[in-house]
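In what follows, a single structure is set out as structure tokens and then discussed.
2 protein chains.
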Amino acid sequence: MLRTLSTYFVRTLREDPADAEVMSHKLLVRAGYIRRTAPGIYTWLPLGLRVLRKVEAVVREEMERIGGQEVLFPALLPAEPYKATDRWDEYGPTLFKLQDRKEADYLLAPTHEEMFTLLVKDLYSSYKDLPLTLFQIQTKYRDEARPRAGLIRGREFVMKDAYSFDLDEDGLDASYMLERGAYQAIYTRLGLEYVIVAAVSGAMGGSRSEEFLHPSPIGEDTFVRSPGGYAANAEAVTTPVPAASPIEGLPEAVVLETPDSTTIIALVDRANELHPRADRPWRASDTLKNVVVALTPPHGERELLVVGVPGDREVDMKRLEASVSPAEVEMATPEDLAAHPELVPGYIGPQVLGPNSPKRTIDEDGSPTGSVRYLLDPRIVGGTVWITGANAANQHVFGLVKGRDFEADGTIEAAEVREGDEAPDGSGPLHLERGIEIGHIFQLGRKYATALGLTVLDENGKARVVTMGSYGIGISRVLAAVAESTCHENGLAWPAQIAPFDVHVVATGKNSDVFEAAEAISVELDGDGLDVLYDDRKKVSAGVKFADSELIGIPITVVVGRGLTTGVVEIRTRETGKREEVPVAEAVRRIRELHHSLLAGAGTPFASSSVDGED
Amino acid sequence: MLRTLSTYFVRTLREDPADAEVMSHKLLVRAGYIRRTAPGIYTWLPLGLRVLRKVEAVVREEMERIGGQEVLFPALLPAEPYKATDRWDEYGPTLFKLQDRKEADYLLAPTHEEMFTLLVKDLYSSYKDLPLTLFQIQTKYRDEARPRAGLIRGREFVMKDAYSFDLDEDGLDASYMLERGAYQAIYTRLGLEYVIVAAVSGAMGGSRSEEFLHPSPIGEDTFVRSPGGYAANAEAVTTPVPAASPIEGLPEAVVLETPDSTTIIALVDRANELHPRADRPWRASDTLKNVVVALTPPHGERELLVVGVPGDREVDMKRLEASVSPAEVEMATPEDLAAHPELVPGYIGPQVLGPNSPKRTIDEDGSPTGSVRYLLDPRIVGGTVWITGANAANQHVFGLVKGRDFEADGTIEAAEVREGDEAPDGSGPLHLERGIEIGHIFQLGRKYATALGLTVLDENGKARVVTMGSYGIGISRVLAAVAESTCHENGLAWPAQIAPFDVHVVATGKNSDVFEAAEAISVELDGDGLDVLYDDRKKVSAGVKFADSELIGIPITVVVGRGLTTGVVEIRTRETGKREEVPVAEAVRRIRELHHSLLAGAGTPFASSSVDGED
């Protein structure tokens, strides 16, 4: 396929778009691959659409290789199935909802678990029909609160979602591992480094869940790895629980004056100044910080929750969100606090919280009432001793002992994970990195099949609920991740596998010989089945053409220009920056050779071995 | 590509779906190509998706052949551009509207004129950039009041929409004709008979507009053709206006008793019974029928309109809708009539309408008020004589003369077109047929470019508003039209060009030799690059397999069964029903030959010459 730049629908821009924060976003816009239509909603220009289709083709091939069968669901769906599984409410404001002219509820699907479940229920009825894996490559909708980074987090995006259907857990495990292997093959072919980490399931439900993260400083996800091979999304990290210490012999707690100490830093300063400790200075880790948040469950009333964490750690809102999902959580507002006068801002202590509260009573149905629910970080075990709020302004209590002086309603994973924290499986200290989520695989189990009644008859004629898996790849996000990881300062640099064109032929100067030679090379390459973009523009300077070529980032550029007088053209390899002069007569052969070696070079596995080999 | 039916995600159904009215809909569902998800919203199963992709590929190839460049717009769009062109309101309840979490207005695009206009405005600025044709193959949304016939009229559907951009009318004409030619090539390749008819532009605006209709009794469109080559959608037919007759000497109009004559039939009977005419009986064509409808313009108040037509013709609501678009129209309700006591149901006459009404006054701004607007069929010219309502129960006026006794506010094309009516260009009597709209091409002109400010600088550096065309093909509807036009009573019968598979290999019986031979043939065909569906199901009877094969409708079926003992297999051609026995060793060669001849057979132009050759 041959396209000429004089007529190709592309305009490169010299200026970065105002709203672009990350390189891939800037360059995809500047090089004419995409245009913003609305926040988180993009239009694919011809160059971008070619890359998108090539990424789709790689994903499709690997899905078909493991026996996945392609279908295509609508994006506009009736609400009923999503109400049956409660995702209509659980998804919250991220779900685009609308009504048709008859005022029936519809949604723009964020994923299609319900519809795949109903489709299989509709068509299949016997254990002999299983296992089954279906997939689609389709446009998805999520009304993200903060769309960002161009295609990385969009509101309309292209996704491959696959679903497996099995009779039992062993079958699900097998389907899951097939899908996992396909994902590894996909990222390897795309040349995209990845790490597989344990993940939480969120609103999807289900049990085993892993994410494929592409390590990147622009990633929204924090993940951890240990030397011993543990890897998890920060939201999925569980805290190793220390052993309880003996309580006997610990001194009584005392309330002391701590004026103007509403922050942990101020409190530690005040404690060291007014009530110094004999053996060592007080530290933030000696304090118990009680953070008030407000939860809103999908069908429930807004209620307050106090989370207690060691004072040297922040509450990580994403970990907290994952722990309380599907409830929504935010920091308590002044109005929330005003409704609970026992909570003295800056001086909140366990004595008025949860089971410690004198106001707590137990309802007829056994649920506690009258006090704010209180959950503790798992490190706060019996026998640990704390400085914490005394529930009165300018006062803290020193020497408060867990298990003697206070209890909680339970524990919660909400404290931040820190570099050097111990891995939950004892495999060593954790190292923190940032990553882009490029894939997510879930063992859904029977949540959807139960809610929607998907059963098959087993060999004994008994109805059995099917067990399912769900597997997603954000195609447009993966494209952006590849762009981000391969781009140079001055432009994109596509791997040969998904580049919009294989070769960029640039004719420079005004000599008609040059344009004739460039066209001849372009036509010959096109005849060989290569995709060629030929910069045939007259009256455009060589400098502009080179800059455009670097911006667009096609793997091989052929410059036909001044060298022609001595019978040579220049071949540039975008990835390495290497330039070579070859005789005109040799050019096509050399380009073909280079193209094949670039294609062959793709496919080097990129996953770090410590993680990739974990099973 | 080779797929085995034992694992392929398809289940054929013996029963027609309850909601299916037309053959293609019944068969596409029964043969496992599509499933209904909601009214007018369908899921593509693997078989259906394969056909869809093949139709898309044909359309894409022909678009690229005329220089069209493919882009891809979002379906979810911000409202602003559609408000700027007023389509936000003009589209009425057919537009799916929603709000995002920030309560910004969005829509699911029914077509993308605005977005293409803005994109070109964004990227292009010079006359040198033109002409330009862009297209996309994309999912569209229209909240149809009456989705019907499966994929024929859906609410979510796949469409190819193309847009041309030119500096002047000649350029637009050239782009339009290129696109017109591409459409002819597409339908010819798909083996789909078509007629090109003049059309009205509706909410799209613009001047020249033609539809491609596939003649079919299930079509929703009525179109006309004349022996002289005139062809038009019924909505676009204009009425030849007769010459006015002299008024002088016509007798005075008289009001006569016509009890119980609220219908034209009753009126004619009553007239002939009580007030017989000397020379011949009264006919329906002697009466003037005044029909009260209610219009609601996009930004206006509901208002009444009376349409006067000869009593032997009905008002055709689709023609009326086209004439008053973008206003919505419906029959007047009893409440509407109650607000206008001068309108006596069954006895309405011109004397109280429009300019004839004694209540009419003229506003300061020159617009009439106080009477209901009155528009006449173009046949009702000066000097014509009518029996019509006397605006009192049981009374009609006889001998009322247009131009002497009454006038109107104008004329309107709203009366039905009838078999034998004269073509407006004098090319003979019209023949009426029904058709499915399979394509629509418009010369939009400057409507969108003006509304959205798309200009380019011409050779003199002067800003010129660009002129545009818009060209649509409903891909999913075309697929259904092909299915409808090719299917047999017992199943689908795809043309080779878009069949989901090239060959259906059926192994019958229980003999393992049969399955081995069938598999060998399947593998060999697959190796030749043919797409093979192999029915490898054990324990399924030959009868069921044959029925499934006929239902699914793949062009070539190979039956490997009892004949194997004498060394032959049977090859069936779906289209013709022809069966032939060939030696096993010859099978693959013969199938290949047959496949190529079927592919070559496609492409016979189907358009009727009288229309196809019109320019």
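Heads up: the sequence lines are chains A and B, in that order. Using this note's numbering, the first residue of the first sequence is number 1363, and each one after it goes up by one. Using this note's numbering, the first residue of the second sequence is number 1363, and each one after it goes up by one. Glycine included, every Cβ here is placed at the ideal spot set by N, Cα and C.
- Rounded to whole angstroms, the gap between the alpha carbons of residue 1586 of chain A and residue 1794 of chain A is 5 Å.
- Where residue 1919 of chain A is concerned, the enclosing beta strand (DSSP E) starts and stops at 1918-1922.
- Counting only the Cα atoms, residue 1867 of chain B lies some 39 Å from residue 1553 of chain A.
- With respect to chain A, the C-beta atom of residue 1433 of chain B has a partner C-beta closer than 7 Å.
- Taking the CA atoms as reference points, residue 1581 of chain A sits about 13 Å from residue 1845 of chain A.
- Within the model, the alpha-carbon separation for residue 1475 of chain A versus residue 1847 of chain A is close to 31 Å.
- For residue 1679 of chain B, the three-state secondary structure derived from DSSP is helix.
- Interface annotation, residue 1400 of chain B: in contact with chain A, CB-CB separation under 7 Å.
- Within the segment 1509-1523 of chain B, contact with chain A at the beta-carbon level (separation under 8 Å) is assigned to 1517, 1518.
- Each residue's CA atom was taken as its position, placing residue 1388 of chain B and residue 1954 of chain A some 51 Å apart.
- By the CB criterion at 7 Å, residue 1922 of chain B and residue 1861 of chain B fall outside the cutoff.
- Interface with chain A (7 Å Cβ-Cβ cutoff): residue 1440 of chain B is included.
- Counting along the chain, the unbroken alpha helix (DSSP H) around residue 1544 of chain B starts and ends at 1531-1552.
- Of the residues assessed, residue 1473 of chain B falls on the buried side of the cut-off, its CB having 16 or more other CB atoms within 10 angstroms.
- When rounded, the separation of the alpha-carbon atoms in residue 1642 of chain A and residue 1772 of chain A is 31 Å.
- Using a 10 angstroms sphere on the CB of residue 1912 of chain A, the tally of other CB atoms reaches 16 or more, which defines it as buried.
- Taking the Cβ atoms as the reference, residue 1730 of chain B lies roughly 18 Å from residue 1689 of chain B, outside the contact range of under 8 Å.
- With the criterion set as a beta carbon lying under 8 Å from some beta carbon of chain A, the members of the segment 1496-1510 of chain B are 1496, 1501, 1503, 1505, 1507, in sequence order.
- Nearest CB-CB separation between residue 1436 of chain A and chain B: below the 7 Å threshold.
- Around residue 1484 of chain B, the beta-carbon contacts reaching into chain A at under 8 Å are 1397.
- Between the C-alpha atoms of residue 1562 of chain A and residue 1597 of chain A there is a straight-line separation of about 7 Å.
- The C-alpha of residue 1837 of chain B is placed about 35 Å away from the C-alpha of residue 1543 of chain A.
- Neighbours of residue 1405 of chain B across chain A, judged by C-beta separation under 8 Å: 1433, 1434, 1435, 1436, 1477, 1481.
- Residue 1411 of chain B belongs to the set of residues whose beta carbon lies under 7 Å from a beta carbon in chain A.
- For residue 1373 of chain A, a Cβ of chain B is located within less than 7 Å of the residue's own Cβ.
- Among the bridge pairs identified by DSSP, residue 1559 of chain A is matched with A:1573.
- In the DSSP annotation of this structure, residue 1907 of chain A is not part of any beta strand (DSSP E); the continuous alpha helix (DSSP H) holding it starts and ends at 1904-1914.
- Just measuring C-alpha positions, the residue of B:1374, B:1559, B:1417, B:1434 sitting nearest residue 1403 of chain A is B:1434.
- For residue 1961 of chain A, the three-state secondary structure derived from DSSP is helix.
- Taking the beta carbon of residue 1462 of chain A as reference, the chain B residues within 8 Å of it are 1458, 1505, 1517, listed in sequence order.
- Proximity of residue 1455 of chain B to chain A, defined by a Cβ-Cβ separation below 7 Å, is satisfied.
- Judged by beta-carbon spacing, residue 1711 of chain B lies beyond the 7 Å limit of residue 1722 of chain B, meaning their Cβ atoms are not closer than that value.
- The C-beta distance from residue 1827 of chain B to residue 1487 of chain B rounds to 13 Å, too long to meet the 8 Å contact threshold.
- Listed along chain A are 1369, 1371, each with a C-beta nearer than 9 Å to that of residue 1494 of chain B.
- Annotation for residue 1631 of chain A: the continuous alpha helix (DSSP H) segment containing it runs 1626-1636.
- Residues of chain A with a Cβ closer than 7 Å to the Cβ of residue 1540 of chain B do not exist, since the nearest Cβ in that chain sits about 14 Å away.
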